[in-house]
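Novice: A single structure is presented below for examination.
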């Protein structure tokens, strides 16, 4: 027994005399500074969304970073994320939980919650202290005061407002139809926060880009009538003169089964890309000067979302697989060669660079 | 106000009745046996055998969790309750009402919250046998039967109050004579279900209140039975149930649910039963009518109208059974069944018909029993593989015996799977596979001690498991996508001791279940090799019961192991939990009336737990019941 006591004493002295090597200080402030945020919607009825982080330099992925940083889940259906470099904030749009979480972009620690939505979808800043959020069920755009993190104003739109495009002092809102049908873009003046006009396009517009020539491309998904498939209509890709808001070209997709979505462009604005189908589509590439829709896909797959790295033009897609297990994020070169693929969360869909 | 009235009744009853010592336990007499007399090798339990002190107006959703091989999932008490046995999902377990399979043809399911134990005498049979019970009997059979009433007029009136403004009432009026029997039963239950819980999913873990979980449920049933002569009897039964329930949503959602679900079920059956010398015959017909309405003003359809879906399912079943006792040891049993189902409404339109023929032999001698069955079934125009079933019960010595059974089981796709608009897949194949179980049973009385032990190993494979997946045009559609294997052990032990007016009983049951996806027909499927979701690998139930004269007290402990909630890698489990319940009942009696007073305290340690992710269940809660028997 005495020996044991001596051994314990010696061990104590040894540890007391030799200080433990000091670990490098934690650097939470730069943890998620450089890299891509990926939103995972999560199981629909009984689950939480998650947020993943991907570092394109090291190819490392870290999943569920919001829960890790805060100790509680982000909420039901994490729809999209927006990074605002000016204030170092990330805005997490949590659709089914009817809120937008304001988090530190570098640490993901929650700073505030913005509530008062019915079904928020996308967030964009329109001024240094002002942002817009589309609210899908209420058919409105909410004007957010970023100083107080509250809703200042609610602007009516068409049905099912989704993605937005900031263009000078205006914001274009794609009225995607919600559970029904809409065929318009809403134009909002960001100075006055007032509706400026409505642009007619095709059935259920879902995404927009402005190309190198300063012309607007609008991708319309078409009507997807689940109950009476004969009433479905094919999607359309429409080119619009931004000066006059008039149609320059209208390309109709060949069938009413696929409903294209996710229009994006390369950094130069000379190429546009989309997914041939909203749940499981191929990546399609088209030169803005092409007279017709391409007949072949650039990358075949069953992709759920699509985005291009604004600095490298690398193509990022996600595959939600069966929507009940972890999805896959794919990274392709601008030429379409696979660079990397990583497992992220359930139903990955949104990106922020 | 109603609660106060019932409490007043309770107080008056306590004063009015002197304490009596009669035991009020009734022996259950099964009169709707059908095939059950053949089921001698499967482990069976009744509410009385596993949970003496269940509140009188409980449902199968309250009772079946007390069986270790069963895992019940429910968003909140009173809400739609599904269950699994040995990894077999709700649609892979069948519910019989007087021998009639009543799983919905549309969904394949039966909602346990709509099966009040006071309306029937349920028997749960662990293990599948499609050869005898047809489609869906892959994991277990829950048979809802009737109790033969005492002679003359009898009346029972129940009242029950509980936490969260829960109020239940029930009544039973029976008449029995040598020629005629009538049983009328009524149950009504309401609750606001507005329990509080600590919301661990929000910053600071604030206290929240459950919203959107209120319900109103009521049932009425009527059974008539005429004994035409010593060899023949006729019976007819009607069961109407109605449920108006809110539909709670994930607590991560800020707003309360506005969704509502209404169910209305009409069930009627009639039968002619004959037994004379070596012949026994039963001929029956049943009509099942389900109506459901789901409304959610927050979700609109393509025309901009709020969701308000109404669907109807009508089933008609005709069946005939004949048993011939060739000798005192050999029995030959045959059955024919025809079933027609029709679904219609907002989301589905379709019909299906199934015909089946079944035959089997049973040998019984002393305690040795052996049987073999074979079933042929035509599902629409498809001839399903023949389903054999065999069982053996061999006595060894003393109270020890060994049992074994095995067979080929199947489940045809539900009509929702085939006809749902959009996405229904009419080309789906039935889920099917072999299963078997071997068990050792020991039953012995040692003086004042009684001992009952059982250990069983089971295994089953299911191929063509059906799962809904996204398909062309963004439309989800069901596909036969997986092969799974369930295997595990069940242990049951019961020790009782009686001396004078004192009776003790210790009971334990433990189930170890491994339900793994063996193979998936999709590439990159991460579910392969993983436990099926919402299937605990370990579950145990223990109880200590003490009876002194007519006073009964019981402490029950339930352990439910960790379950996977999805096949992702983050936040994919619900933690294990322990629940402790206490029950106390005491009868009071005078010349005219018997009054039973009961108290149940549930989850006395106020444990936070969820059966479904992000749907918290209640903490500590109580039920006080009073039953008058006239």
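Chains as they are written, first to last, in my numbering: chain A, 1 to 353; chain B, 354 to 983. Even for Gly, the Cβ is constructed at its ideal location relative to N, Cα and C.
1. Given 8 Å as the limit, is there contact between the segment 555-564 of chain B and the segment 585-592 of chain B, that is, 3 or more CB pairs closer than that?
2. Consider the Cβ of residue 98 of chain A: report whether some Cβ of chain B lies at a distance smaller than 8 Å.
3. Is there a Cβ of chain D sitting closer than 8 Å to that of residue 48 of chain A, yes or no?
4. What number of angstroms, rounded off, separates the C-alpha of residue 332 of chain A from the C-alpha of residue 310 of chain A?
5. What residues in its chain sit with their C-beta under 6 Å from that of residue 687 of chain B, if we drop five residues either side in the sequence?
6. To the nearest angstrom, how far is the alpha carbon of residue 571 of chain B from that of residue 552 of chain B?
7. Tell me which residues share the same chain as residue 908 of chain B and place their Cβ nearer than 6 Å to its Cβ, disregarding the 5 neighbours each side in the sequence.
8. Using beta-carbon positions only, say whether residue 822 of chain B and residue 833 of chain B come within less than 8 Å of one another.
9. For residue 738 of chain B, decide whether its Cβ has a neighbour in chain A, counting only Cβ atoms nearer than 8 Å.
10. Check whether the Cβ atoms of residue 511 of chain B and residue 903 of chain B sit closer than 8 Å, and answer yes or no.
11. Can you tell me the Cβ-Cβ gap for residue 868 of chain B and residue 837 of chain B, rounded? I've got them flagged as a contact below 8 Å.
12. Classify residue 839 of chain B as helix, strand or coil using the three-state DSSP reduction.
13. If you run the structure through DSSP and keep just helix, strand and coil, what is residue 647 of chain B?
14. Give the range of the alpha helix (DSSP H) segment to which residue 483 of chain B is assigned.
15. From the beta carbon of residue 215 of chain A, is the nearest beta carbon of chain B less than 8 Å away?
16. Can you round the beta-carbon distance between residue 304 of chain A and residue 280 of chain A to whole angstroms, since I take them to be within the 8 Å contact cut?
17. Short of 6 Å in beta carbon distance, which residues of its chain neighbour residue 894 of chain B, apart from the five on each side in sequence? Order them along the chain.
18. Would the segment 439-448 of chain B and the segment 488-495 of chain B be scored as touching if the rule is three or more Cβ pairs under 8 Å?
19. What is the C-beta distance between residue 429 of chain B and residue 547 of chain B, in whole angstroms, given that I count them as a contact (C-beta under 8 Å)?
20. In chain B, which residues lie with their C-beta within 9 Å of the C-beta of residue 80 of chain A?
21. Report buried or exposed for residue 192 of chain A, applying the criterion of at least 16 other Cβ atoms within 10 angstroms of its Cβ.
22. Beta carbon of residue 354 of chain A, beta carbon of residue 78 of chain A: below 8 Å?
23. Quick one: Cα of residue 644 of chain B to Cα of residue 437 of chain B, how far?
24. Assuming residue 186 of chain A and residue 160 of chain A are in contact, meaning their beta carbons sit under 8 Å apart, how far apart are those beta carbons, in whole angstroms?
25. Identify whether residue 772 of chain B lies in helix, strand or coil by the three-state DSSP scheme.
26. Short of 8 Å Cβ to Cβ, which residues in the segment 336-352 of chain A face chain B?
27. Helix, strand or coil for residue 516 of chain B, going by three-state DSSP, please let me know.
28. Of all the residues that make up the segment 203-214 of chain A, which are near chain B by a beta-carbon distance shorter than 7 Å?
29. Please state the DSSP three-state secondary structure of residue 940 of chain B.
30. Since residue 521 of chain B and residue 538 of chain B are thought to touch, with beta carbons under 8 Å apart, how far apart are those beta carbons, to the nearest angstrom?
31. Residues of the segment 308-322 of chain A with a CB closer than 9 Å to any CB of chain B: list them in chain order, please.
32. So is residue 775 of chain B in contact with chain A if we call contact Cβ pairs under 8 Å?
33. Starting from the C-beta of residue 633 of chain B, find all residues in its chain whose C-beta is less than 6 Å away, skip the five residues before and the five after it, and write them out in chain order.
34. Report yes if the C-beta distance between residue 629 of chain B and residue 667 of chain B is below 8 Å; otherwise report no.
35. Within its chain, find whatever has a CB closer than 7 Å to the CB of residue 462 of chain B; leave out the 5 residues flanking it on each side and keep chain order.
36. Taking the DSSP output, what are the residues bridged to residue 604 of chain B?
Specialist: Reading it off the structure:
1. Touching, no.
2. Yes, contact with chain B.
3. Included in the structure are the protein chains A and B, with no chain D among them.
4. Roughly 14 Å separates the two Cα atoms.
5. If you ignore the 5 residues before and after residue 687 of chain B, its C-beta comes within less than 6 Å of the C-beta of 675, 712, all in its own chain and listed in chain order.
6. Taking the straight line joining both Cα atoms gives about 32 Å.
7. Non-local C-beta neighbours of residue 908 of chain B in its own chain, meaning closer than 6 Å and more than five positions away in sequence, comprise 897, 935, ordered along the chain.
8. With respect to the 8 Å criterion, residue 822 of chain B and residue 833 of chain B are not classified as neighbours on the basis of their beta carbons.
9. It does not; no Cβ of chain A falls within 8 Å.
10. Their beta carbons are not under 8 Å apart, which means residue 511 of chain B does not touch residue 903 of chain B by this criterion.
11. Residue 868 of chain B to residue 837 of chain B, Cβ: 6 Å. Contact.
12. Of the three classes helix, strand and coil, the one that applies to residue 839 of chain B here is strand, per DSSP.
13. Residue 647 of chain B carries a strand assignment under DSSP once its states are collapsed to helix, strand and coil.
14. In the DSSP assignment, residue 483 of chain B falls within the unbroken alpha helix (DSSP H) covering 483-486.
15. It does not; no Cβ of chain B falls within 8 Å.
16. Correct: roughly 7 Å between the Cβ atoms.
17. If we look at residue 894 of chain B and ignore the five residues flanking it on each side, its Cβ neighbours are 419, 421, 862, 911.
18. Touching, yes, given that three or more Cβ pairs across the two stretches are closer than 8 Å.
19. Not quite, the Cβ-Cβ distance comes to about 10 Å (not below 8 Å), so this is no contact.
20. Those do not exist, as residue 80 of chain A stays about 17 Å from chain B at its closest Cβ, beyond 9 Å.
21. Burial call: exposed.
22. Because chain A here runs from 1 to 353, residue 354 of chain A falls outside it and cannot be looked at.
23. Within the model, the alpha-carbon separation for residue 644 of chain B versus residue 437 of chain B is close to 24 Å.
24. 11 Å between Cβ atoms; not a contact.
25. DSSP places residue 772 of chain B in helix when its eight states are reduced to three.
26. Answer in chain order: 343, 345, 346.
27. Reduced to three states, the DSSP call for residue 516 of chain B is coil.
28. Contacts with chain B (Cβ-Cβ distance below 7 Å) from the segment 203-214 of chain A involve no residue at all.
29. Correct three-state label for residue 940 of chain B: strand.
30. Contact between residue 521 of chain B and residue 538 of chain B does not hold, since the beta-carbon distance rounds to 13 Å and is not under 8 Å.
31. Within the segment 308-322 of chain A, the residues whose Cβ lies closer than 9 Å to some Cβ of chain B are 319, 320, 321, 322, listed in chain order.
32. It does; some Cβ of chain A falls within 8 Å.
33. Once the five neighbours on either side are set aside, the close Cβ partners of residue 633 of chain B are 676.
34. Taking 8 Å as the Cβ cut-off, residue 629 of chain B and residue 667 of chain B do not qualify as a contacting pair.
35. Cβ within range, chain order: 435, 443, 444, 456.
36. None; residue 604 of chain B has no bridge partner.
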